[in-house]
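The opening residue of the sequence shown carries number 9 in the working numbering; numbering runs sequentially from there.
Don't be surprised by glycine CBs; every beta carbon is placed ideally from N, CA and C.
Notes follow once the structure below has been shown.
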Amino acid sequence: MKKILVYPILAMLLISVVGACSQQTAKGEQVTDKNTKATENESAHWSYEGETSPDHWGELDPAANIACVNGSEQSPINIEFSQVETVGGEEDLQINYEPTSFSLMNNGHTVQANAVSGSNSILIEGKEYKLAQFHFHTPSEHEFNGKNYEMELHLVHKDADGRIAVLGVMIQEGEENKNLEAIWDILPSEETDKDIAINEPVDVKTLLPVDQTAFHYEGSLTTPPCTEEVKWTIFEMPIEMSKQQIEAFRKIFPENHRPVQSLNNRKVIKS
């Protein structure tokens, strides 16, 4: 009778021990998963200050951001007028902009207006690049003769193969910019989950300077992953925004610019 009683007890003890181990393993796997996800989120996060600033972008995700460290054609750059090559005539750039709808977002790094349609585009050397979005930096990312402007506008375009071309517009303090009023009236102060509709069409052409003399060079994105082979066009003439407009942006992003990068024997062409 004792043997008959012992076996069930042993069986129950064995089941209990195995069950406890299974629960510990399951909990352990959950902790590991959470830690992995947290690490992935932390490595993907970048900013303009502290341990996630531009000096550390390459360390945050070495595989994805390798160009931020080892790239040879990085942006932004300092444009020294004395070293620029001037070409006769106009660069092969054609701008085809018209008033169209945009939506607005705060992506945690800048305020960005996303194109709702593909009606705005530019032609560079006969190749079409459609306007995807435009956004702002303060102070300017590019420098002219070692000096920054108060802000810089980037209009980012992509061709059918995903190649990128950016128009850069310097912004200086001056008169209120009425053409940005519809955007500045609804500037999102916090990071947004969904885009905010801009109530009226934005005429992007009015955001460009009247004099479209520009500097052209081969560069990169100025944010991770710092992708190269980006065609840059930086207009020499700035546009204006009022002190109040500039301060409204700086209240959200006090400083969101990448320092200038080495030119590395690249040519800067003025036309």
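Spanning the alpha carbons of Pro196 and Asn207 requires a straight line of approximately 14 Å. According to the DSSP assignment, Trp192 belongs to the alpha helix (DSSP H) that extends over 189–192. A direct Cα-to-Cα measurement between Asn115 and Thr200 gives close to 6 Å. For His143, the pairing in a beta bridge is given by DSSP as Gln120, His162. Lys239 is classed as buried because its beta carbon has at least 16 other beta carbons within 10 Å across all chains shown. Our two residues, Glu88 and Asn153, have alpha carbons roughly 5 Å apart in a direct line. Between Pro70 and Arg266, the CB-CB gap reaches or exceeds 9 Å.
Its chain contains Met245 as the residues whose beta carbon lies nearer than 8 Å to that of Val218, once the 5 sequence neighbours on both sides are disregarded; these appear in chain order. Between the alpha carbons of Asp169 and Ile277 lies a gap of roughly 25 Å. Listed in chain order, the beta strand (DSSP E) runs fully inside the segment 52–128 are 101–104, 110–114, 119–123, counting runs of at least 3 residues. Taken through DSSP and simplified to helix, strand or coil, Lys213 comes out as helix.
Burial is judged here by how many other beta carbons sit within 10 angstroms of a residue's own beta carbon; Gln252 has fewer than 16 and is exposed. Of the other Cβ atoms in all chains shown, 16 or more fall within 10 Å of the Cβ of Asn156; this residue is therefore buried. With contacts defined as CB atoms closer than 9 Å, Gly126 and Leu112 fail to qualify as a contacting pair.
The straight-line gap separating the alpha-carbon atoms of His53 and Ala72 is approximately 12 Å. Val174 is positioned such that its CB atom lies no closer than 9 Å to that of Leu216. For Thr118, same chain residues with a beta-carbon under 8 Å away, outside a window of 5 residues either side, are His143, Phe144, His145, Phe261, Asn264 in chain order.
Beta-bridge analysis with DSSP links Ile247 to Ile179. One thing to note: Ser228 has its Cβ within 9 Å of the Cβ of Glu81. According to DSSP, residue pairing for Tyr137 in a beta bridge involves Ile130. According to the DSSP assignment, Glu226 belongs to the beta strand (DSSP E) that extends over 222–228.
The beta carbon of Glu133 lies closer than 6 Å to those of Asp100 in the same chain, with the five residues before and after it left out. Selection Trp65, Ser129, Asp211 evaluated against Lys186 yields Asp211 as nearest (Cα-Cα). Counting other Cβ atoms within 10 Å of its Cβ, Pro62 reaches 16 or more and is therefore classed as buried.
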